[in-house]
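Colleague: Before I ask anything, here is the structure I am working with.
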Amino acid sequence: MIYFIPAWYNDRRTMYFNARPWSQKQKLIYTDDITNHVRLATRSGNPYQLIVPNYTPQLRYHMHRLELLESNFVSIFDIIQDLSGKNMEVLNFREFEWAEGTEFVYNPFSVVAQENGQVSAEVEFGTNGQLFWITRIQNNIPTKRYIFDDRGFVSSSIIYDAEGKYHYQEYYNRKREWQIREYFGAYGHHVEVSESAQSRFLKKEYASIEELVFEQMGRVLDQHDQENDSIFLAADSRHSAEVLKLKSNKKVVYSYFQGRNGFTIDPYMIEDIKHVDLILTTTDRTRMQFNALTNIPVLKLPYIDTRFDIGKSRQLKDQFVYFRLDGLTTASYKRVLDAAVRYMKTNKRVHLLLVSFESDAKQQQYMANILRMLLASYDDPDMVLMEENSVTIENSAFPEQESRVSLSFITPADDVIKILSNCRLVVDLANEPDMYTHIAALSAAIPQINKLPSEFVHHKKNGYITLDLDNLYDGLVYYLTGLAHWNESMIYCIKLIEKYSDTEIVKRVRLMLNRG
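Residue numbers for the sequence shown follow this note's numbering, beginning at 547 and rising by one.
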């Protein structure tokens, strides 16, 4: 059995969820190292289980976005709350308990309940329109918040004190019987177990929610403990030390992911790696850092995404350029737009897809306004900024669209995949390119224009490297004028992809685990 333990934690409340109502700033949903390991295990047919430690009532939606809904996963909080099943039911907020005469006022972001002209509650929804939470309000102060499970029931409720601050949170089973209470702030951070649920736990009270979570995780890991069992553990200070105490006879693969861990080895990792059997990392840079610290085998393993249809963009009449804005200052927008527009005037088939992961609505509007103003200065109907979400590259082109420039704000990884599938070229001129986009472009065998070289993109092999933003024009000419250089890049990418194919990855991991 292979156990996978991700680090999908909340930055403020570790064992809490990251999802927000659709109207609020969202945390980016990325395909990470553990996600890719799970996909690999699914395809290889090896028995496995993904253990989700933190409270995630919208877990099915999260897994769907990562294309893992059909994977074998278990939620620690489902165990704590005595829940089971994946089936989802639609829940209508009007079926909730409301005072007689309550009126509902709809606005673009939520539904506001009013009693006698006073706000009594706010109903908010998830990104798919599902009921997310209902906050009861009295005299403009929140009193209670009902949080909904995406399977269609109340999962927990937060009780506020007289000042509108968190007092405690009750976690329910499907019958809305509380199983545990978690206290906050001045009320302590301990966890109280309901008398009716105490037979399922080792204690009646826990010092923290983390203590309870790791107790239950230990029980899951103990269900299967044979010689060849292993744990793929996401390197993260919030759980690594505790999970390593629970490993028993299992071998541990310690997974270091640049998107989560950055570029340097943190001090806690030096202690962690004393208790693991294999270290996985994404770059030569971190591989060498680990090799300097330990004799434990270290394997560099880029996370190639196999969901792309390689070479699809060659079949399209128009040429779509994925241009990531993040990492550029707004002052530099004009330089890159000048270079792009200059080339687009010579090649009428090029469409510029301006992309950002910015999730703050005000910042989105600010960026759009600047881009709209800059593009207007070219006095060309082809260069008018298209509205966000009006972009479609299905069926190879923008149907009946005059403009060839668009702006999209995207958050989930699957949106990146949808856009990249039809793109001829990726441009990311940030000092540190977005790693997910970087690897996704390689996976799709799409050449990239970057500011600095990397292990995966080499100048005039499968990319164009330029420190000078003004040289963007030369990179566009190199890969968009004719197919010769583009085909060379595709072949180069395919060789890299084959090097990190599923079969090769499994073979190398098994070899190094056995060697360790």
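All C-beta atoms, glycine included, are put in the ideal place defined by N, C-alpha and C.
It should be emphasised that the depicted structure is a prediction, and the values quoted were computed from it without experimental measurement.
According to DSSP, is Thr689 part of a helix, a strand, or is it coil?
Modeller: strand
Colleague: Could you name the residues of the same chain whose beta carbon sits closer than 6 Å to that of Trp644, not counting the 5 residues immediately before and after it, in chain order?
Modeller: If you ignore the 5 residues before and after Trp644, its C-beta comes within less than 6 Å of no other C-beta in its own chain.
Colleague: Note down, in chain order, each residue of its chain lying with its Cβ closer than 8 Å to the Cβ of Glu773, except the 5 sequence neighbours on either side.
Modeller: Answer for Glu773: Asn795, listed in chain order.
Colleague: Can Ser1035 and Pro979 be called in contact, C-beta distance under 8 Å?
Modeller: No. Outside cutoff.
Colleague: Could you give the uninterrupted runs of the beta strand (DSSP E) lying entirely in the region 861-914, keeping only those of 3 residues or more?
Modeller: The qualifying runs are 865-870 and 896-902.
Colleague: For Ile1043, which option in Gln769, Leu847 and Tyr712 has the closest C-alpha, if you only look at C-alpha atoms?
Modeller: Leu847
Colleague: Between the alpha carbons of Gln570 and Asn556, how many angstroms are there, rounded?
Modeller: 15 Å
Colleague: So, under 8 Å CB-CB, Leu767 and Val737 are touching, yes? Tell me the CB distance rounded to an integer number of Å.
Modeller: So it is not a contact: roughly 21 Å between Cβ atoms.
Colleague: Which residue wins for smallest C-alpha separation from Ile680, given the options Leu605, Gln762, Gly631 and Arg566?
Modeller: Arg566
Colleague: Would you identify the three-state DSSP class for Ala780, choosing helix, strand or coil?
Modeller: Ala780 carries a strand assignment under DSSP once its states are collapsed to helix, strand and coil.
Colleague: Leaving aside the five residues before and after Glu948 along the sequence, list all residues of the same chain whose C-beta is less than 6 Å from its C-beta, in chain order.
Modeller: Once the five neighbours on either side are set aside, the close Cβ partners of Glu948 are Pro927.
Colleague: Taking contact to mean 3 or more Cβ pairs, one atom from each stretch, closer than 8 Å, check whether the region 884-903 and the region 1016-1029 are in contact.
Modeller: yes
Colleague: Among the residues of its own chain, which have a CB less than 7 Å from the CB of Cys1039, if the five just before and after it don't count?
Modeller: Leu988, Ala991 and Asn1008
Colleague: Lys711: buried (16+ other C-beta within 10 angstroms of its C-beta) or exposed?
Modeller: exposed
Colleague: At the level of alpha carbons, what is the spacing between Leu1059 and Asp823?
Modeller: 7 Å
Colleague: Between which residues of its own chain and Arg1054 is the CB-CB distance below 7 Å, once the five residues before and five after are set aside?
Modeller: Excluding positions up to five away in sequence, the list reads Leu845.
Colleague: Could you pull out every unbroken alpha helix (DSSP H) segment of at least 4 residues lying fully inside the region 967-1054, listed in chain order?
Modeller: Correct list: 981-989, 1018-1026 and 1030-1045.
Colleague: If you count every other CB in all the chains shown that lies within 10 Å of the CB of Arg806, and 16 or more means buried, which is it?
Modeller: With 16 or more Cβ atoms within 10 Å of its Cβ, Arg806 is classed as buried.
Colleague: Around the Cβ of Ala708, are there at least 16 other Cβ atoms within 10 angstroms (buried) or fewer (exposed)?
Modeller: exposed
Colleague: Spell out whether any CB of chain B is found under 8 Å from the CB atom of Gly591.
Modeller: Of the protein chains in the structure, only one exists, and it is not chain B.
Colleague: Assuming Ser1064 is part of the alpha helix (DSSP H), what are its boundary residues?
Modeller: This structure cannot speak to residue 1064, because the chain is shown only from 547 to 1062.
Colleague: Going by beta-carbon coordinates alone, are Ile548 and Phe699 separated by less than 8 Å?
Modeller: In this structure, Phe699 does not lie closer than 8 Å to Ile548 by Cβ.
Colleague: If you reduce the DSSP assignment to three classes, tell me which class Thr832 lands in.
Modeller: Looking at Thr832 - three-state DSSP - the assignment turns out to be helix.
Colleague: If contacts are defined as beta-carbon pairs under 8 Å, then Phe955 and Ser1000 qualify, I think. What distance do you get, rounded to the angstrom?
Modeller: Actually they are not in contact, since the Cβ atoms of Phe955 and Ser1000 sit about 25 Å apart, beyond 8 Å.
Colleague: Alpha carbon to alpha carbon, what distance is there between Ala553 and Val535?
Modeller: This structure does not reach residue 535, given that the chain is present from 547 up to 1062, and the question cannot be answered.
Colleague: Please give me, in chain order, every unbroken run of the beta strand (DSSP E) with length at least 3 that falls completely inside the region 727-793.
Modeller: Every unbroken stretch of the beta strand (DSSP E) spanning 3 or more residues and falling wholly within the region 727-793 is given here in chain order: 737-739 and 776-780.
Colleague: Near Leu1057, which residues of its chain fall below 6 Å by C-beta distance, leaving aside the five closest residues on each side in sequence?
Modeller: none
Colleague: Thinking just about the alpha-carbon of each residue, which of Leu605, Ser617, Thr577 and His610 is nearest to the one in Asn592?
Modeller: Among Leu605, Ser617, Thr577 and His610, the Cα nearest to that of Asn592 is on Ser617.
Colleague: At which residues does the beta strand (DSSP E) containing His713 begin and terminate?
Modeller: Residues Tyr712 to Tyr718.
Colleague: To the nearest angstrom, how far is it from the Cα of Ile1103 to the Cα of Asp961?
Modeller: Because the chain in this structure spans residues 547 to 1062, residue 1103 falls outside the shown range and cannot be described.
Colleague: Compute the Euclidean distance between the alpha carbons of Asn719 and Asn600, then round it to the nearest angstrom.
Modeller: 16 Å
Colleague: To which residues does DSSP link Ala659 through a beta bridge?
Modeller: The partner list for Ala659 (beta bridge, DSSP) reads Phe650 and Ala667.
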